[in-house]
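Here is the structure we will look at.
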Amino acid sequence: MKVALLEDDLAQAKLLTQWLSEAGYEVFHRDTVSGFKSMLTEQPVDMAVLDWQLPDSSGVDALQWIRSQYETRLPVIFSTQRDSEEDVVAALKAGADDYMIKPPRQAELLARLAAVGRRAGLDRLNSPNLSLAHIEIDQEAQRVLVHGEEVKLTRKDFLLTCCVIKNQGKLLSREYLLKEVWGVNADLNTRTVDMHISRMRRNLQLDPSCGYAIKTVYQHGYRLEKVED
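As structure tokens, this is what we get:
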């Protein structure tokens with residue numbers, strides 16, 4: 007699972023990154039709110055750990071931005087020295103899922119991350135099976151069913167399908183999809199992604215009539231969204 011870490015104390019960031027990496031998380035760290043926001047427009051994550059006081063803004067500002075950008079609710083934990091009741095309440099009212107007082111303790115941090123992840127349903131990401139509306143995916147068998155009928159996909163189309171469905175509600179840049187599906191050094195034009203997304207819509211019958219659609223985000227990429235009636 008991918009964790010975004012916003013922390014300007016580099017020693018603290020190094021320690022948290024070590025703990026999270028040892029527990030199997032992939033960590034993406036930034037030390038300013040502006041850098042954090044920029045990172046999240048390119049790198050989808052599954053949860054975030056925020057400090058409160060940053061050089062250019064606050065963790066609350068970062069949290070409010072997250073809540074305005076993500077269609078699905080990204081789990082967020084504060085890890086900060088601010089220990090007043092007013093600060094805790096302010097963070098929770100702004101949309102934080104949990105709040106920890108520094109210095110952090112390794113076992114507690116990991117337990118809290120696991121707990122907010124369970125509440126957000128992130129444990130399904132580790133399941134070999136994925137589902138969305140009329141689509142069922144067996145990742146181990148690399149098998150896709152659409153309305154109960156098996157659909158044959160190429161290896162790249164299958165990987166793209168899994169990536170997009172796992173990241174429902176998140177903005178996925180073309181560059182990110184190239185990296186995740188074709189490899190870090192994929193020497194391909196981003197038009198390749200557009201072609202495969204078009205084929206994915208057609209093969210999986212993803213359109214507003216099924217309640218979900220892949221929205222094209224101008225000059226950036228794509229987002230799988232739930233379509234409201």
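Heads up: the sequence shown runs through residues 7 to 235, numbered per the working numbering. Ideal placement from N, C-alpha and C gives every residue a C-beta, glycine not left out.
Alpha carbon to alpha carbon, what distance is there between residue j and residue i?
{"i": "leucine 98", "j": "alanine 68", "result": "13 Å"}
{"i": "leucine 194", "j": "alanine 17", "result": "38 Å"}
{"i": "lysine 162", "j": "arginine 208", "result": "15 Å"}
{"i": "isoleucine 141", "j": "valine 152", "result": "5 Å"}
{"i": "threonine 167", "j": "threonine 222", "result": "15 Å"}
{"i": "glutamine 47", "j": "alanine 113", "result": "A quick correction: the sequence has threonine, not glutamine, at residue 47. So the alpha carbons of these two residues sit roughly 30 Å apart."}
{"i": "alanine 126", "j": "aspartate 103", "result": "10 Å"}
{"i": "aspartate 200", "j": "lysine 108", "result": "45 Å"}
{"i": "alanine 54", "j": "alanine 10", "result": "5 Å"}
{"i": "alanine 3", "j": "glutamate 91", "result": "This structure cannot settle anything about residue 3, because the visible part of the chain is limited to 7 through 235."}
{"i": "leucine 262", "j": "serine 44", "result": "Shown here, the chain extends from 7 to 235; a query on residue 262 therefore has no answer."}
{"i": "valine 33", "j": "arginine 180", "result": "21 Å"}
{"i": "tyrosine 218", "j": "aspartate 14", "result": "38 Å"}
{"i": "leucine 60", "j": "tyrosine 224", "result": "31 Å"}
{"i": "serine 40", "j": "glycine 154", "result": "45 Å"}
{"i": "tryptophan 71", "j": "arginine 79", "result": "12 Å"}
{"i": "lysine 185", "j": "threonine 196", "result": "11 Å"}
{"i": "leucine 12", "j": "leucine 119", "result": "15 Å"}
{"i": "threonine 198", "j": "glutamine 87", "result": "47 Å"}
{"i": "valine 187", "j": "leucine 136", "result": "17 Å"}
{"i": "aspartate 213", "j": "leucine 116", "result": "38 Å"}
{"i": "alanine 96", "j": "leucine 230", "result": "31 Å"}
{"i": "valine 150", "j": "serine 64", "result": "44 Å"}
Does DSSP put residue i in a helix, a strand or coil?
{"i": "glycine 175", "result": "coil"}
{"i": "histidine 202", "result": "helix"}
{"i": "aspartate 93", "result": "helix"}
{"i": "valine 122", "result": "helix"}
{"i": "methionine 45", "result": "helix"}
{"i": "serine 137", "result": "strand"}
{"i": "alanine 219", "result": "strand"}
{"i": "glutamate 234", "result": "coil"}
{"i": "serine 64", "result": "strand"}
{"i": "leucine 26", "result": "helix"}
{"i": "arginine 111", "result": "coil"}
{"i": "arginine 197", "result": "helix"}
{"i": "arginine 208", "result": "helix"}
{"i": "leucine 80", "result": "coil"}
{"i": "aspartate 213", "result": "coil"}
Could you pull the DSSP bridge partners for residue i from this structure?
{"i": "methionine 106", "result": "Ser85"}
{"i": "leucine 11", "result": "His35 and Val55"}
{"i": "isoleucine 143", "result": "Leu136 and Val150"}
{"i": "glycine 227", "result": "Ser179 and Val223"}
{"i": "valine 249", "result": "The structure shown has nothing for residue 249, since the chain only spans 7 to 235."}
Report the CB separation of residue i from residue j in whole angstroms; it is logged as a contact under 8 Å.
{"i": "proline 134", "j": "glutamine 148", "result": "Their Cβ separation, rounded to whole angstroms, is 10 Å, which puts proline 134 and glutamine 148 out of contact at 8 Å."}
{"i": "tyrosine 76", "j": "glycine 175", "result": "6 Å"}
{"i": "leucine 56", "j": "valine 94", "result": "Between valine 94 and leucine 56 the Cβ distance is about 13 Å, and since that is not below 8 Å, they are no contact."}
* Asked: Should the segment 18–30 be called in touch with the segment 151–168, which here means at least 3 C-beta pairs below 8 Å?
  -> no
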